[in-house]
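With positions in the sequence shown counted from 1, the corresponding number in our numbering is that position plus 330. The structure under discussion appears below in the form of structure tokens.
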Amino acid sequence: MRKLIIIGNWKMNKNADETIDFLKKINKKINNFQIDIGISVPFVNLFIAKQYAKNIVVIAQNCHFEDYGSFTGEISAEMLKNINITHVLLGHSECRKNFNETDKIINKKINTVLLKKMIPIICCGENWKEYQNNQTIPFIKKQIERLLKNINIKYVKNIIIAYEPIWAIGTNKTLNIKNIQNICNAIRTKISELYNSEIANCIKIQYGGNVQKENIKELLSQLDIDGVLVGRSSLDVDVFLQLIN
Ligand code: PGA
Numbered sequence: 331m332r333k334l335i336i337i338g339n340w341k342m343n344k345n346a347d348e349t350i351d352f353l354k355k356i357n358k359k360i361n362n363f364q365i366d367i368g369i370s371v372p373f374v375n376l377f378i379a380k381q382y383a384k385n386i387v388v389i390a391q392n393c394h395f396e397d398y399g400s401f402t403g404e405i406s407a408e409m410l411k412n413i414n415i416t417h418v419l420l421g422h423s424e425c426r427k428n429f430n431e432t433d434k435i436i437n438k439k440i441n442t443v444l445l446k447k448m449i450p451i452i453c454c455g456e457n458w459k460e461y462q463n464n465q466t467i468p469f470i471k472k473q474i475e476r477l478l479k480n481i482n483i484k485y486v487k488n489i490i491i492a493y494e495p496i497w498a499i500g501t502n503k504t505l506n507i508k509n510i511q512n513i514c515n516a517i518r519t520k521i522s523e524l525y526n527s528e529i530a531n532c533i534k535i536q537y538g539g540n541v542q543k544e545n546i547k548e549l550l551s552q553l554d555i556d557g558v559l560v561g562r563s564s565l566d567v568d569v570f571l572q573l574i575n
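As structure tokens, then:
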């Protein structure tokens, strides 16, 4: 049985004071939950979030694939591990768009994070054109192949996949939940082809893109959707609590 995981992706939101405030409020409300809950916070607030978070996984929003070196502005997985960060979001479409991240670069990052025994939450997803041309499943399958290229079978069961159609992120588009289930199932099948069915059945697959309190229940009741990655609805503590409740 795969445990559900709900992650709030704060993107470039909340300063240190706001982070502490959010965590103080949420800590009181989430004892003994049957699901995993995480927040993905800007680098500068990881350390403080780790100090305040109780029963919440604190997640980094990216990392570099090298441990040290001349990479101004970057943060390494090594540095994250050193402050006890266990999970790293990789390949979010905003990083792909804003920093020209490619599947090849993300694949290197996945490898580095796994070798450090940390958990990468790997984003994948098609754009509007691919979606409209019914290319989603072939596109995602190829993308998964590139992202997991040469990733050792020994570590792969630790990954989390976040399926996030680019066209749904930050919008209020109505979701076709049966379609999302089919795509998540296709991702699992692809992992089974690349590795084996035991590994495919272990791996958690989340959905992200316009998750709201109105659609979360149906999303989480799908066979192959093991959690959600939430942007806007994770910023207000009461709205986020409504989602996880
Ligand atoms: P959204 O963002 O929930 O605001 O659509 C999701 C994401 O970017 O992870």
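The beta carbon of each residue, even a glycine, is placed where N, CA and C say it ideally should be.
Give every residue of the same chain whose Cβ lies closer than 6 angstroms to the Cβ of Leu-353, excluding the five residues on either side of it in the sequence, and list them in chain order.
Numbered from its first residue, the sequence shown carries residue 353 at position 23. Only Tyr-382 and Ala-383 meet the Cβ criterion.
First and last residue of the beta strand (DSSP E) that includes Lys-471?
Along the sequence shown, read from residue 1 onward, the residue named residue 471 stands at position 141. Looking at the DSSP string, Lys-471 is not in any beta strand (DSSP E); the run it does join, the alpha helix (DSSP H), is 466-477.
Which of the three DSSP states is assigned to Asn-339 in this structure?
The sequence position of residue 339 within the sequence shown is 9, counting from 1. Looking at Asn-339 - three-state DSSP - the assignment turns out to be strand.
Measure the C-alpha to C-alpha separation of Val-560 and Lys-447 and round it to an integer number of angstroms.
Translated into positions along the sequence shown, residue 560 becomes position 230. Translated into positions along the sequence shown, residue 447 becomes position 117. Taking the straight line from one Cα to the other gives about 25 angstroms.
For Asp-347, count the other beta carbons within 10 Å of its own beta carbon; 16 or more makes it buried, fewer makes it exposed. Which is it?
Numbered from its first residue, the sequence shown carries residue 347 at position 17. Looking at its Cβ environment, which holds fewer than 16 other Cβ atoms inside 10 Å, Asp-347 is exposed.
I'd like to know if the segment 403-412 and the segment 423-433 are in contact, where contact means that at least 3 CB-CB pairs between them fall below 8 angstroms.
no
Considering only the beta carbon of each residue, do Ile-533 and Ile-555 sit closer than 8 angstroms?
Taking the first residue of the sequence shown as 1, we reach residue 533 at position 203. Taking the first residue of the sequence shown as 1, we reach residue 555 at position 225. Result no, Cβ atoms of Ile-533 and Ile-555 do not sit closer than 8 angstroms.
Take Lys-543 as the anchor and find which of Lys-520, Ile-513 and Asn-502 has the nearest alpha-carbon.
On the sequence shown, residue 543 is found 213 positions in, with the first residue counted as 1. The residue with the shortest Cα to Cα distance from Lys-543 is Asn-502.
Relative to the alpha-carbon of Lys-403, which residue among Val-388, Val-374 and Val-387 has its alpha-carbon at the smallest distance?
Here residue 403 refers to the residue found at position 73 of the sequence shown. The question names Lys, yet the displayed sequence has Gly at residue 403. Checking every option, the nearest Cα to that of Gly-403 belongs to Val-374.
If you measure from the CB of Ile-275, is any heavy atom of ligand 1 nearer than 7 angstroms?
Any answer about residue 275 is impossible in this case: the structure gives the chain only from 331 up to 575.
Inter-residue Cα distance where the pair is Ile-529 and Met-342:
Position 199 of the sequence shown holds residue 529. Position 12 of the sequence shown holds residue 342. Straight-line Cα distance between these residues: approximately 34 angstroms.
DSSP three-state call for Asp-566: helix, strand or coil?
Taking the first residue of the sequence shown as 1, we reach residue 566 at position 236. Three-state result, Asp-566: coil.
Kindly list the residues whose CB is nearer than 8 angstroms to the CB of Ile-470, restricted to its own chain and excluding five residues on each side of it in sequence; keep chain order.
What you label residue 470 is simply residue 140 of the sequence shown in a count that begins at 1. Same-chain partners within the cutoff: Cys-454, Gly-455, Glu-456, Tyr-493, Ile-513, Ala-516, Ile-517 and Lys-520.
Just checking Asn-339 against ligand 1 - is the residue's beta carbon closer than 7 angstroms to any of the ligand's heavy atoms?
Here residue 339 corresponds to residue number 9 of the sequence shown, with the count starting at 1. Yes, the Cβ of Asn-339 comes within 7 angstroms of a heavy atom of ligand 1.
Taking 8 angstroms as the limit between beta carbons, can you name the residues of its chain near Asn-361, skipping five residues before and five after?
Residue numbering aside, residue 361 sits at position 31 when the sequence shown is read from its first letter. Closer than 8 angstroms at the Cβ level, and outside the excluded window around Asn-361, lie Asn-385.
Quick one: give me the first and last residue of the alpha helix (DSSP H) that Val-560 is part of.
By one-based count along the sequence shown, residue 560 stands at place 230. Careful: Val-560 lies outside any alpha helix (DSSP H), inside the beta strand (DSSP E) at 557-560.
Give the DSSP bridge partners of Cys-453, in chain order.
On the sequence shown, residue 453 is found 123 positions in, with the first residue counted as 1. Paired residue(s): Ala-492.
Please give the ranges of any alpha helix (DSSP H) in the segment 407-449, keeping only runs that are unbroken, at least 4 residues long and fully inside the region.
407-412, 423-429 and 433-445
Can you tell me whether Glu-424 is buried or exposed, with buried defined as 16 or more other CB within 10 angstroms of its CB?
For this step, residue 424 is matched to residue 94 along the sequence shown. Counting Cβ neighbours within 10 Å, Glu-424 comes out buried, since at least 16 surround it.
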